[in-house]
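Colleague: One structure, pasted below without further comment.
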Ligand SMILES: *Cc1c(COP(=O)(O)O)cnc(C)c1O
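Residue numbers (our numbering): 19 to 400.
What follows is the structure, given as structure tokens:
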């Protein structure tokens, strides 16, 4: 374990004090099952935190996107718009359902979906009579996309939004909780997210009928008969009661975790303050981000080393850093898909991928550990 404690991780689980109590309660009452009181409570608590009418706890954020898209009746041959600058799990569920993604670029301030690229995509779709069934909008690295602009466009074309808030639980957009802007919002409680159940996810919505349907599909879609009868395809996607117990404990410390990650960001900002050529992801004026990960761009005209070289250097010191997400339109898996860049001749996400870097940002990162990261980077670039 010594090695494990020495390594500085990008984002590692950070338990509070109540998780074990909730788990013990599940054991004591023998609710070690994919049903039980923690699940219902966890759903109510997340819905209440986000100001939505209801929630369904699932095994992953990916499952949550899958079932949200199914609830929107995405099916074979359909088109779904999706942010290009994201983790692959935002897009894969589109393909699970037999639909085809069309990728939309980022805008340079928030790094999230570009309203002007979205507008061009809608105009092209209308001209080709190939309107999307849904738009998956991603909130990256703890920052909301610009929902006023995006919702205006989606409403104009009457296309619902799935808000992929896997990375933005705890963030705000114009005073409202991230995840509450789409027809459905989804969260992830994977081990590296701001709070974790080891593996887990959630769908939130104001559409309680749709949530009932999602809950039904997530538990193998058993008809309400006394025997095993099935009329629809279902999945084994329900979060377990034990993991929901962890989630309830984590939710109690979510706001502390947000503050801690914002502090980590501040220390990086101070640590690199004298330096030219480092551009942190900006906090857009429309919201409050969590700084789930501190992400930055290195200006290649000023800084001679590449993100890859910095990552290797940090790795040699047992520090984990990562490139930013490789855009979906550049993934071998999705090269054949249509893509709408921010400007006709200028792709923001490509530039972010070439220049971007994510630094260790865990809420449990100590100032001492962080100083190690900062000095290693300073050594490399000065
Ligand atoms: C983590 C993540 C997901 C997937 O969540 P899982 O719980 O790992 O399935 C989806 N979208 C984004 C943007 C993510 O970062």
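Yeah, the Cβ is synthetic: ideal placement off N, Cα and C, and Gly gets one too. Because the structure is a prediction, the values reported are computed rather than measured.
#1: Is it buried or exposed for residue 20, if we count other Cβ within 10 angstroms and need 16 for buried?
#2: How big is the Cα-Cα spacing for residue 332 and residue 97?
#3: Please report the distance separating the alpha-carbon of residue 367 from that of residue 125.
#4: For residue 182, list the residues DSSP reports as bridge partners.
#5: Under 7 Å from any heavy atom of ligand 1, does the C-beta of residue 344 make it?
#6: In the DSSP assignment, what residue or residues form a beta bridge with residue 119?
#7: What did DSSP end up calling residue 357 once you bin it into helix, strand or coil?
#8: Taking the alpha-carbon of residue 171 as reference, which of 194, 204, 135, 184 has the nearest alpha-carbon?
#9: Less than 7 Å between the CB of residue 29 and some heavy atom of ligand 1, yes or no?
#10: What's the gap between the Cα of residue 276 and the Cα of residue 309?
#11: Within the same chain, show all residues whose beta-carbon is closer than 6 Å to that of residue 74, passing over the 5 residues directly before and after it, in chain order.
#12: Looking only at its chain, what residues have a beta carbon closer than 8 Å to the beta carbon of residue 341, apart from the 5 residues adjacent to it on each side?
#13: Just to check, is the beta-carbon of residue 184 closer than 7 Å to a non-hydrogen atom of ligand 1?
#14: Alpha carbon to alpha carbon, how far is residue 394 from residue 207?
#15: Which first and last residues belong to the alpha helix (DSSP H) in which residue 41 is found?
#16: Could you tell me whether the region 109-118 touches the region 289-304, using the rule of 3 or more Cβ pairs below 8 Å?
#17: Please determine, among 47, 193, 316, the residue with the shortest C-alpha to C-alpha distance to residue 396.
#18: Does the separation of the CB atoms of residue 345 and residue 102 fall below 8 Å?
#19: So, are the CB atoms of residue 273 and residue 188 less than 8 Å apart?
#20: Taking only runs that begin and end inside the region 262-331, name each unbroken beta strand (DSSP E) of 3 or more residues, in chain order.
#21: Just confirm the distance between the C-beta atoms of residue 210 and residue 29, as a whole number of angstroms; I'd bet it's less than 8 Å.
#22: Considering residue 219, what are the terminal residues of the beta strand (DSSP E) in which it resides?
#23: Helix, strand or coil: which one does DSSP assign to residue 254?
#24: Round the Cβ separation of residue 56 and residue 263 to the nearest angstrom and send it over; I've been treating them as touching at under 8 Å.
#25: Which residue wins for smallest C-alpha separation from residue 131, given the options 32, 384, 360?
#26: Report the residue from 107, 293, 287, 169 whose alpha carbon sits nearest the alpha carbon of residue 87.
#27: Cβ of residue 367 within 7 Å of any heavy atom in ligand 1?
Modeller: Short version:
#1: Taking the first residue of the chain shown as 1, we reach residue 20 at position 2. For residue 20, the pLDDT reaches just 43, beneath the cut-off of 50, and the residue's location in the model is therefore unreliable, although a value from the coordinates is still provided. Classification of residue 20: exposed, given that the 10 Å Cβ count is below 16.
#2: In the chain shown, the residue the question calls residue 332 occupies position 314. In the chain shown, the residue the question calls residue 97 occupies position 79. Residue 97 has its alpha-carbon roughly 41 Å from the corresponding atom of residue 332.
#3: Translated into positions along the chain shown, residue 367 becomes position 349. Translated into positions along the chain shown, residue 125 becomes position 107. Each residue's Cα considered, the two are about 8 Å apart.
#4: For this step, residue 182 is matched to residue 164 along the chain shown. According to DSSP, which records beta bridges pairwise, residue 182 is partnered with 156, 204.
#5: As a working mapping, residue 344 is identified with position 326 in the chain shown. Residue 344: no, Cβ never under 7 Å from ligand 1.
#6: Locating residue 119 in the chain shown gives position 101, where the first residue counts as 1. Beta-bridge analysis with DSSP links residue 119 to 98.
#7: Taking the first residue of the chain shown as 1, we reach residue 357 at position 339. Strand at residue 357.
#8: As a position in the chain shown, residue 171 is number 153, starting the count at 1. Closest by C-alpha distance to residue 171, out of 194, 204, 135, 184, is 135.
#9: Here residue 29 refers to the residue found at position 11 of the chain shown. For residue 29, the CB stays at least 7 Å from every heavy atom of ligand 1.
#10: On the chain shown, position 258 is the one that residue 276 refers to. On the chain shown, position 291 is the one that residue 309 refers to. Residue 276 and residue 309: Cα-Cα distance of roughly 7 Å.
#11: Here the question's residue 74 lines up with position 56 in the chain shown. Apart from the 5 residues on each side of it in sequence, residue 74 sits with its Cβ closer than 6 Å to the Cβ of 221, 229, 232, 233 in its chain, given in chain order.
#12: As a working note, residue 341 is residue 323 in the chain shown. For residue 341, where only same-chain residues beyond five positions count, the Cβ hits under 8 Å are 325, 326, 329, 371, 374, 375, 376.
#13: Counted from its first residue, the chain shown places residue 184 at position 166. With a threshold of 7 Å, the Cβ atom of residue 184 counts as near ligand 1, since some heavy atom of the ligand is closer than that.
#14: By 1-based counting over the chain shown, the position of residue 394 is 376. By 1-based counting over the chain shown, the position of residue 207 is 189. When rounded, the distance between both Cα atoms is 31 Å.
#15: Mapped onto the chain shown, residue 41 falls at position 23. Residues 37-46.
#16: Fewer than three pairs of CB atoms, one per stretch, sit closer than 8 Å, so the region 109-118 makes no contact with the region 289-304.
#17: Walking along the chain shown from the start, residue 396 turns up at place 378. Closest in C-alpha terms to residue 396, from the list 47, 193, 316, comes 316.
#18: Walking along the chain shown from the start, residue 345 turns up at place 327. Walking along the chain shown from the start, residue 102 turns up at place 84. In contact: residue 345 and residue 102 (Cβ atoms closer than 8 Å).
#19: Numbered from its first residue, the chain shown carries residue 273 at position 255. Numbered from its first residue, the chain shown carries residue 188 at position 170. Against a cut-off of 8 Å, the Cβ pair of residue 188 and residue 273 comes out as a contact.
#20: Taking only runs of at least 3 residues, the beta strand (DSSP E) segments lying wholly in the region 262-331 are 296-298, 312-316.
#21: In the chain shown, the residue the question calls residue 210 occupies position 192. In the chain shown, the residue the question calls residue 29 occupies position 11. The C-beta distance from residue 210 to residue 29 rounds to 4 Å, short enough to fall under 8 Å.
#22: Against the chain shown, residue 219 aligns to sequence position 201. Here the beta strand (DSSP E) through residue 219 covers 219-223.
#23: In the chain shown, counting from the first residue as 1, residue 254 sits at position 236. Looking at residue 254 - three-state DSSP - the assignment turns out to be strand.
#24: As a working note, residue 56 is residue 38 in the chain shown. As a working note, residue 263 is residue 245 in the chain shown. Right, the Cβ-Cβ distance comes to about 4 Å (below 8 Å), so this counts as a contact.
#25: Along the chain shown, one-based indexing puts residue 131 at 113. Residue 360 is the option with its Cα nearest to residue 131.
#26: Residue numbering aside, residue 87 sits at position 69 when the chain shown is read from its first letter. The residue from 107, 293, 287, 169 with its alpha-carbon nearest to that of residue 87 is 107.
#27: For this step, residue 367 is matched to residue 349 along the chain shown. Not under cutoff, so the answer is no.
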